[in-house]
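Offset between the sequence shown (1-based) and the working numbering: plus 110. Cβ coordinates follow ideal geometry from the N, Cα and C atoms, glycine included.
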Amino acid sequence: MSRSLTVVRVGPQTLIQDLGRPGNAHLGVPPSGALDVPALTLANRLVGNPESAAGIEALLGRIQLRANCSCTVAVTGPGVLVSVGDHLVDSHAPVHLRAGDVLCLGAPVGGLRCYVAVSGGIDVPLQLSSRATDILSGIGPDPLRPNDVLPLGSVDGLPEGADVLSPSVAPAELVVPVLLGPREDWFDDPHGQLAAGRWTVSQQSNRVGLRLDGTALRRAAAFETRELPSEGVVTGSVQVPANGRPVLFLADHPVTGGYPVIGVVTAEALPLLAQARPGTPVRLHPLR
111 MSRSLTVVRV GPQTLIQDLG RPGNAHLGVP PSGALDVPAL TLANRLVGNP
161 ESAAGIEALL GRIQLRANCS CTVAVTGPGV LVSVGDHLVD SHAPVHLRAG
211 DVLCLGAPVG GLRCYVAVSG GIDVPLQLSS RATDILSGIG PDPLRPNDVL
261 PLGSVDGLPE GADVLSPSVA PAELVVPVLL GPREDWFDDP HGQLAAGRWT
311 VSQQSNRVGL RLDGTALRRA AAFETRELPS EGVVTGSVQV PANGRPVLFL
361 ADHPVTGGYP VIGVVTAEAL PLLAQARPGT PVRLHPLR
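Set out below in structure tokens:
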């Protein structure tokens with residue numbers, strides 16, 4: 111058999127992801143790609159791939175993959191039990207699989223999404239220069255199912271090891287830096303409201319956006335009945351719908367929106383949003 115993996119078991123949402131397809135907003139296409147980019151790029155480096163190679167994003171882990179060839183894999187993200195057959199192996203380290211070996215992931219500890227990279231990368235067809243699954247537009251490969259066979263690319267690099275690599279740890283409370291604008295003028299004291307507000311991550315969150323339960327942000331009196339024409343939005347936009355409870359847009363967000371954006375999350379905070387579980391306390395920290 112050619113170089114490939116067979117999916118034995120999937121979790122709640124098991125997707126192929128790479129670094130996405132940015133630059134297609136004019137076509138109405140979201141950027142998509144891995145939500146926790148540092149976790150995917152680390153996994154790729156560990157197995158000798160370019161950082162842009164496609165891997166697997168597994169929501170809540172609990173996946174099994176059977177190797178149909180000799181290959182190297184690495185699992186990154188939050189702490190998670192990883193085994194090959196009956197033997198525990200390390201996460202955040204290159205692991206060799208022989209043909210027939212089954213890689214098993216448990217449930218992650220303190221986070222949401224695990225990433226699996228395989229030497230050669232997942233070699234499904236490109237769509238708009240990316241292999242990423244976009245759950246909003248439906249572009250890219252379908253979510254993975256048992257018995258799917260995933261072709262692997264050729265191996266060009268050598269696995270990279272490290273003495274110690276710690277799993278990412280989601281904080282007990284998420285403090286998210288927010289750059290105000292472009293529509294902060296639609297809100298009464300936007301800096302003060304964001305600083306004083308308290309929220310938790312909603313169970314309605316997904317790859318489109320992290321929805322927050324808690325404080326409702328108040329519009330300024332002049333904008334209480336105003337409607338905003340749809341305008342472009344970017345990853346990290348903090349959109350405030352009619353109920354006043356913010357939505358933090360993630361990689362599969364729509365490219366335009368008709369609710370005001372009070373601010374934009376800094377890029378460094380996006381991986382933390384990717385791993386924030388429902389119920390996690392959240393504070394938005396406005397930057398002047």
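Straight-line gap, residue i to residue j (C-alpha atoms, nearest Å)
i, j, result
"Cys-179", "Tyr-225", "20 Å"
"Val-402", "Leu-327", "No answer is possible for residue 402: the residues shown for the chain start at 111 and end at 398."
"Ser-162", "Asn-154", "8 Å"
"Val-139", "Arg-131", "8 Å"
"Gly-133", "Pro-141", "7 Å"
"Ser-278", "Ala-386", "12 Å"
"Gly-263", "Leu-380", "29 Å"
"Thr-243", "Gln-313", "21 Å"
"Val-118", "Ala-135", "35 Å"
"Pro-281", "Val-234", "35 Å"
"Val-265", "Ser-229", "6 Å"
"Val-348", "Pro-204", "37 Å"
"Gly-368", "Trp-296", "13 Å"
Three-state secondary structure assigned by DSSP to residue i
i, result
"Thr-376", "coil"
"Ala-227", "strand"
"Ala-326", "coil"
"Leu-275", "coil"
"Arg-155", "helix"
"Gly-302", "helix"
"Pro-167", "Here residue 167 turns out to be Glu, not Pro, going by the sequence shown. Strand, per DSSP."
"Leu-382", "helix"
"Pro-256", "coil"
"Pro-261", "strand"
"Leu-137", "helix"
"Glu-404", "Given a span of 111 to 398 for the chain in the structure shown, any question on residue 404 remains unanswerable."
"Glu-341", "strand"
"Ala-184", "strand"
"Leu-150", "helix"
"Ala-177", "strand"
Proximity winner among the options, relative to residue i (alpha-carbon distances)
i, options, result
"Ser-193", "Ser-240, Leu-215 and Ala-203", "Leu-215"
"Leu-289", "Ala-305, Leu-246, Asp-258 and Pro-281", "Ala-305"
"Gly-195", "Thr-186, Val-212 and Leu-207", "Val-212"
"Arg-355", "Pro-277, Ser-315 and Ala-386", "Ser-315"
"Gly-221", "Arg-393, Gly-389 and His-395", "Gly-389"
"Arg-393", "Glu-337, Val-219, Leu-338 and Thr-325", "Thr-325"
"Trp-309", "Leu-236, Arg-321, Asp-299 and Tyr-369", "Arg-321"
"Gln-123", "Leu-137, Ser-240, Thr-116 and Glu-167", "Glu-167"
"Leu-175", "Ile-232, Thr-151 and Val-219", "Ile-232"
"Leu-246", "Glu-283, Thr-366 and Ala-330", "Thr-366"
"Thr-335", "Leu-238, Pro-370 and Gly-143", "Pro-370"
"Phe-333", "Ile-372, Val-344 and Val-357", "Ile-372"
"Phe-359", "Arg-329, Ala-331 and Val-311", "Val-311"
"Pro-292", "Pro-251, Val-344 and Val-120", "Val-344"
"Arg-208", "Pro-269, Asp-362 and Cys-181", "Cys-181"
"Leu-137", "Ala-144, Gly-210, Ile-249 and Arg-223", "Ile-249"
Buried versus exposed, by CB contacts within 10 Å (16 or more), residue i
i, result
"Asp-200", "exposed"
"Asp-146", "buried"
"Glu-294", "buried"
"Asn-257", "exposed"
"Pro-197", "According to the sequence provided, residue 197 is His. The question's Pro does not apply to it. Its Cβ having fewer than 16 others within 10 Å, His-197 is exposed."
"Leu-338", "exposed"
"His-395", "exposed"
"Asp-299", "exposed"
"Arg-255", "exposed"
"Asn-159", "buried"
"Val-190", "buried"
"Ser-240", "buried"
"Leu-382", "buried"
Nearest-angstrom Cβ-Cβ length linking residue i and residue j, presumed shorter than 8 Å
i, j, result
"Gly-346", "Val-318", "Wrong, their Cβ atoms sit about 13 Å apart, outside the cutoff."
"Leu-397", "Pro-287", "6 Å"
"His-206", "Thr-186", "17 Å between Cβ atoms; not a contact."
"Gly-165", "Leu-150", "6 Å"
"Leu-115", "Leu-260", "5 Å"
"Ala-184", "Val-157", "5 Å"
"Ile-173", "Val-219", "Rounded, the Cβ-Cβ distance is 16 Å, inconsistent with contact."
Residue-level contact to chain C via CB, residue i, 8 Å cutoff
i, result
"Pro-292", "Annotation note: the requested chain C is absent from the structure, which comprises a single protein chain."
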